[in-house]
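Residue numbers (my numbering), protein chains in the order written: chain U, 1 to 272; chain A, 1 to 332.
The C-beta atom is built at its ideal place from N, Cα and C for all residues, glycine as well.
Read the structure below first, then the notes.
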Ligand SMILES: Nc1ncnc2c1ncn2[C@@H]1O[C@H](COP(=O)(O)OP(=O)(O)OP(=O)(O)O)[C@@H](O)[C@H]1O
Ligand SMILES: [Mg+2]
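Structure, rendered in structure tokens:
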């Protein structure tokens, strides 16, 4: 197992470091529904970690636990060597964990540029008085952040829609803007909930490229949920497989693909 | 020009000025409604409370003096000093910010994710509490508010417009206080717009108004935004309170302008700031003009009391989303 060593180099030459995020025995219930049942896994520095599983398996719930939107009844979340107390989502975001949503959550009334700028909020420090007076330091900060945002916009090839209100964009571009907003935070950990759902082949290829490049160029650690097996095999270093709230597989794409429990889950073999 | 026409114009201008105040109160409603979905019934009482506090501070009134006198048999009422109006306004702003913090801490925080109607009820409770609290703190007698704004008709305008009409027209009579109110309101709206467009807090505010989940995901604290919005609404209420109080004294009826804001919102839409402004102006002009042309001559007058509500009702029937509100399309 790779877990036992501290860091390693992948076939394509990227360095994967030690454990960044560790989920220990997480259980999450909604009334009688057990969305996550005693799951443990970790995410390593610099890796692309996929979470897969059939509909309703609890994948989004897991992402919501990591980002602080859901609070598990049992289990521990460890981030960068420290146990994380129960935390509000905005505080999780401030720790350097950014995310996108399965059903896109953008600010529809705002332009693409403004949407991406909100991604910088965690990085901006000047207080309300300085900001209101548009005082030197606040102004400088705004310009610096604007520069970073423009870079992200170039990176994701959405310059042509910079000023467009997000509500008017087609689905595929909205997904891209949401990724841009998350990347603008320069997160340590990026969580993507089905970034390619509902896209055509060409859009999927673009998105895959952006995800790989973000990981490679910015060194961003990424956890993503995806249904398209081809994409998962191409992108990810390691895969967690969930089914009915339980973890049924964990390993490299290769290992997972040959795991009998996983094959059964995907082929719909009856549960006992 | 026929004098009758000039009188109508004068009525219209005066209506515009009244409309500015309606717009200010409606603006306070919209700010809070947009960011938190709460219809703040207490917005009018905020204006009253702010004006009471301002007068009290300015005149050096001792807070709760009635209460203290009743309990200890003393006869205190004033500290015996006067505070400059600019300082008193700054202090009142601080009080309104504190009020916003307390509202978030003791009301909103405990009612998140409750149905809208519960939050609405909470603001009704808040309104009555604030009204009583204001009375207890500053006394219930009518007070004059004078922060040195110009008052009375503008002779300059009168003299320079008299030539427009005939024998019976002496020029437009426009209260200078109204002109100041209009200018201040315009500056306030401009400042708010710049704040929301070009500062990070403003961006956060718009973000929260748009999507709570997404706002959380970029690290915005909803509590902070609520305090911010309620504080801004409190300051807007202070401005409305100053204008209204300077004109007709600080008294309980000030809190009733909140009820006039309701038809303004029906016209302008609950989520539109331009809507609140235009709606306020339309109602202000509409009710004065209606009274002048139809109400007084044919209906026995006093139509200003109900005109706004009838207009709002017509809007509810024919354009429920208001002038600028988002079109309501039921999802099926
Ligand atoms: N907020 C919630 N309240 C109640 N039940 C919930 C909530 N969120 C998720 N669930 C339930 O938890 C279970 C797992 O849902 P989840 O959305 O995590 O699945 P998923 O693996 O992301 O599925 P999909 O592939 O369809 O997105 C489901 O039974 C779902 O109904
Ligand atoms: Mg999901």
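- Taking C-beta atoms as the reference points, residue 92/U and residue 153/U fail to come closer than 8 Å.
- The closest CA to that of residue 55/U, considering only 258/U, 245/U, 255/U and 251/U, is found on 245/U.
- Annotated as proximal: residue 187/U and residue 98/U, with beta-carbon spacing under 8 Å.
- At a cut-off of 8 Å, the C-beta of residue 43/A has no neighbouring C-beta in chain U.
- In terms of CA proximity to residue 79/U, 95/U leads the group 95/U, 73/U, 180/U and 138/U.
- Residue 216/A belongs to the set of residues whose beta carbon lies under 8 Å from a beta carbon in chain U.
- Between residue 313/A and residue 269/A, the alpha-carbon positions lie close to 13 Å from each other.
- Counting the other Cβ atoms within 10 Å of the Cβ of residue 209/U gives fewer than 16, which makes it exposed.
- Along the segment 124 to 137 of chain U, going in chain order, the ones with a CB nearer than 8 Å to a CB of chain A are 124, 126, 128, 131, 132 and 134.
- Collapsing the DSSP output to three states places residue 239/U in a strand.
- Between residue 247/U and residue 241/U, the C-beta spacing is below 8 Å.
- Here residue 158/U has 112, 173, 176, 177 and 180 as same chain residues with Cβ atoms under 8 Å from its own Cβ, once five neighbours each way along the sequence are excluded.
- Within chain U, no residue has its CB atom less than 9 Å from the CB of residue 309/A, the nearest being about 30 Å off.
- Note on residue 183/A: under 16 other CB atoms within 10 angstroms of its CB, so exposed under the neighbour-count rule.
- The segment 236 to 253 of chain A makes contact with the segment 184 to 201 of chain A, as at least three CB pairs between them are under 8 Å.
- Runs of the alpha helix (DSSP H) spanning 4 or more residues and lying entirely within the segment 116 to 193 of chain U occur at 128 to 133, 136 to 155 and 171 to 184, in chain order.
- Cα atoms of residue 130/A and residue 87/U: separation of roughly 34 Å, rounded to the nearest angstrom.
- For residue 36/U, the closest C-alpha among the options 108/U, 13/U and 51/U is that of 51/U.
- As the crow flies, the alpha-carbon of residue 259/U is around 17 Å from that of residue 41/U.
- Sorting 166/A, 4/A and 18/A by C-alpha distance to the C-alpha of residue 176/A places 18/A at the top.
- The C-alpha of residue 102/A is placed about 24 Å away from the C-alpha of residue 259/A.
- Proximity of residue 219/A to chain U, defined by a Cβ-Cβ separation below 8 Å, is satisfied.
- C-alpha of residue 93/A to C-alpha of residue 227/U: approximately 54 Å in a straight line.
- Straight-line measurement puts the Cα of residue 141/U at about 32 Å from the Cα of residue 224/U.
- By the C-beta criterion, the segment 50 to 57 of chain A is judged to be in contact with the segment 250 to 266 of chain A, since at least 3 inter-stretch pairs fall below 8 Å.
- Between residue 32/A and residue 229/A a beta carbon distance of about 6 Å is seen, short of the 8 Å cut, so the two are scored as contacting.
- A direct Cα-Cα distance of roughly 49 Å separates residue 167/U from residue 137/A.
- Per DSSP, residue 230/A is one residue of the alpha helix (DSSP H) stretching across 222 to 248.
- In terms of beta-carbon proximity, residue 261/U stays away from the interface with chain A, with every pair separated by 8 Å or more.
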